[in-house]
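Residue numbers (full-length UniProt numbering): 1 to 108. Comments concern the structure below.
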Amino acid sequence: MTLKKHELNGHDVFEFMQGQLNGSHWLDSSIYVTEEVLAETELGEVLANSLVNFNYYGPTEVKRVEWESIKQIVLSSKSATTRQLLIEIDEWANDCFKNHSFFTICGI
C-alpha cells in the first residue's frame, strides 16, 4: 500500500518524509501513499480530523504524540485495509522517530 520512490508511477501522492521539509521532495528515505489509496481508506479522514493544521495540498508536521493518537483511532477501525496501511506507515514512522521528533506529510 505504501510505495518507495522507485515504485511511483505518477505524482498524485502524499510523501511521508523524515523530519522537516527543507525544500527537497521525492526523497529516497520517504514513503509514498497515492491519493487513491488515501481516499479508499479511512486514513485521510482521520488525518484531517486529528491534525488541526492538516494541509491536503502542502506540508503537515506530525509529532509522535499526534501519531500515537492517530494510531489508536485507526487501530479501532473495522477496515482491514486502513489498519494495514497504518501498520506499514507505522513501521517507517518508528524508524523516523529514532532520529527525528516528527515527520512531515507533503500533500499532493
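Cβ coordinates follow ideal geometry from the N, Cα and C atoms, glycine included.
Beta-carbon proximity list for R64, same chain, < 6 Å, skipping 5 on both sides: F97
Alpha-carbon to alpha-carbon, G107 and Y56: 5 Å
Separation of Q18 from F102, as counted between CA atoms: F102 and Q18 have their alpha carbons spaced roughly 7 Å apart.
Opening and closing residue of the alpha helix (DSSP H) in which E7 lies: Segment: none, E7 is in no alpha helix (DSSP H) and carries neither H nor E.
Residue range of the alpha helix (DSSP H) that includes T81: A80 to C96
Three-state secondary structure (DSSP) of Q18: strand
Three-state secondary structure assigned by DSSP to F108: Here the sequence assigns Ile to residue 108, which means Phe is not the residue at that position. Annotated three-state conformation of I108 is coil, per DSSP.
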